[in-house]
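Report on one structure; see the data block that follows.
Residue numbers (this note's numbering): 310 to 840.
Following this line, the structure appears as structure tokens:
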């Protein structure tokens, strides 16, 4: 549906006298009476000509009805027996030739407006019938159609008669001022720019361009794993698209049958309605805008006149490596075929299938997280490996590899394995790969055994950590041993024995043996004696 407002009055000035409502006429007469100071008298003919030059209506030019209503058949160059399609073809030819945007000649605007006015009459079945029967007499003196005039329906034929001349008078005035109220400019300018793509019955057809009907697109979803998204995979997609009917080859007709002119729109493909001085043009719902329809009983038995039927099929698609979740792949020409049987006239419309869109859903993976073309793996390492360094196994897209852990690694530290990520789909780095980033997470023990705590407390003493909590407190026991040793003889041999006793006692403390070192030294002797 298109709604086009009239152009400014100065754009086109065809010979039309515009009528106004009773109230507006009264206001004009009153305005004139104030100027002439004769309010009770009706203006004479000379005074009426003077009134034309008043600022309020100086843009309207009175002409004789003969000039106001030229023969529309002569204007378009067709005879009275011409069909609606021939009239439309003639009009489009003149509109294309004399349109002000393409023809800069001085008289082009006037000829374009004349073609518009003629087509307005001949494209309307009621106006055309009235003109064929009564000529210009079926129209009012201003060129507007008057269904209530004598011979054109009789008095009272139009409930909206009166000052507006029954919408036709008002419409005629708008036609005289611009004449664009019932023109579908999208189709008109389409003739200047070449063919356009249509989808179904989308508006009035241009007879000078090749119509291409495109079927609807189909969208399906397929699920793949994370590794399939990384490496690529071939998937089978099952769809049920519309395909061209094999019985009628898309025409929608039985063998030997022909299309007929649409009775609803008279072959124009448009239904025009008037409202408030505007003409609103909508695509004919019966023929879909083609101007032709399939007669009853002539439809194809296979497709019912649609020109297409549903068919189950399987399509194999190659999903490239590197696709992300939510991406869509387009497969050209694997969508629905258009319903050419419903809206197309034979020989002027070509069908083109829509496209198939495949929505990719990638499953999450427990080992990897994705960030563009890079992937992240979180590796858990023990406290000792984090402190001392080491080497761990890390999974990749192609198997496991050994990764070195630097000494003193902490939670959040990362190492990067270049070129071991996802494939890159962008045009700038197509064929390349992202990186695999390994992030360390240090596993901290929540519970410690006596030996583990003893070792850690000794490490805290060794590193001078005075803030760590002590439970076993091996440092205090060491101080006591050193103090006891200092009370001995003091020679070097005794000092060496004292140091050796401390280390051995520390070992016994770590292994849970808290006996005196002298008793521990006597154990082998007792054992050998009993043997």
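Virtual Cβ for every residue (Gly too), placed ideally from N, Cα, C.
Assuming residue i contacts residue j under a Cβ cut-off of 8 Å, what Cβ separation, rounded to an integer in Å, is found between them?
i	j	result
residue 733	residue 743	6 Å
residue 428	residue 400	4 Å
residue 571	residue 535	About 56 Å; that fails the 8 Å criterion.
residue 714	residue 690	6 Å
residue 554	residue 593	23 Å between Cβ atoms; not a contact.
residue 698	residue 716	4 Å
Pick out whichever of the options has its Cα sitting closest to the Cα of residue i.
i	options	result
residue 588	424, 579, 527	579
residue 661	551, 678, 383	551
residue 606	561, 684, 395	561
residue 746	414, 690, 682	682
residue 440	394, 380, 566, 385	380
residue 696	565, 650, 720, 678	720
residue 725	748, 707, 706	748
residue 615	632, 597, 444, 625	597
residue 780	414, 592, 757, 707	757
residue 679	636, 730, 603	730
residue 617	625, 636, 599, 651	651
residue 636	532, 728, 663, 425	532
residue 397	625, 762, 599	599
Whose C-beta lies closer than 6 Å to the C-beta of residue i among residues of the same chain, with five residues either side of it excluded?
i	result
residue 704	676
residue 393	575, 576, 577
residue 384	423, 427
residue 769	777
residue 806	Summary for residue 806: the model assigns pLDDT 42, below 50, so the residue's position carries little reliability; its value from the coordinates is reported in the next sentence. Closer than 6 Å at Cβ, skipping near neighbours: no residue.
residue 540	630
residue 620	552
residue 687	748, 750
residue 280	A question about residue 280 goes unanswered here, because the residues of the chain that appear run from 310 up to 840.
residue 538	632, 671
residue 706	539
residue 604	569
residue 674	535
residue 694	714
Do residue i and residue j have their C-beta atoms closer together than 8 Å?
i	j	result
residue 557	residue 623	no
residue 590	residue 573	no
residue 672	residue 524	no
residue 389	residue 403	no
residue 783	residue 766	yes
residue 692	residue 752	yes
residue 627	residue 543	yes
residue 386	residue 527	no
residue 581	residue 433	yes
residue 559	residue 411	no
With a threshold of 8 Å on Cβ separation, who are the neighbours of residue i within its own chain once the five nearest residues in sequence on each side are excluded?
i	result
residue 911	Outside the shown range of the chain (310 to 840) lies residue 911, about which nothing can therefore be said.
residue 700	711, 712, 713, 714
residue 437	430, 431
Is residue i close to chain D, meaning its C-beta is less than 8 Å from at least one C-beta of that chain?
i	result
residue 385	Included in the structure is just one protein chain, with no chain D present.
Would the C-beta of residue i count as close to the ligand FAD, meaning under 7 Å from any of its heavy atoms?
i	result
residue 628	In the structure shown, the ligand FAD is absent, as is every other ligand, since no ligand is present at all.
Within the same chain, show all residues whose beta-carbon is closer than 7 Å to that of residue i, passing over the 5 residues directly before and after it, in chain order.
i	result
residue 727	744
Next on the checklist: Taking contact to mean 3 or more Cβ pairs, one atom from each stretch, closer than 8 Å, check whether the region 581–600 and the region 538–558 are in contact.
Outcome noted: no
Next on the checklist: Contact between the region 661–671 and the region 636–644 is defined here as three or more beta-carbon pairs at a separation below 8 Å; is this criterion met?
Outcome noted: yes
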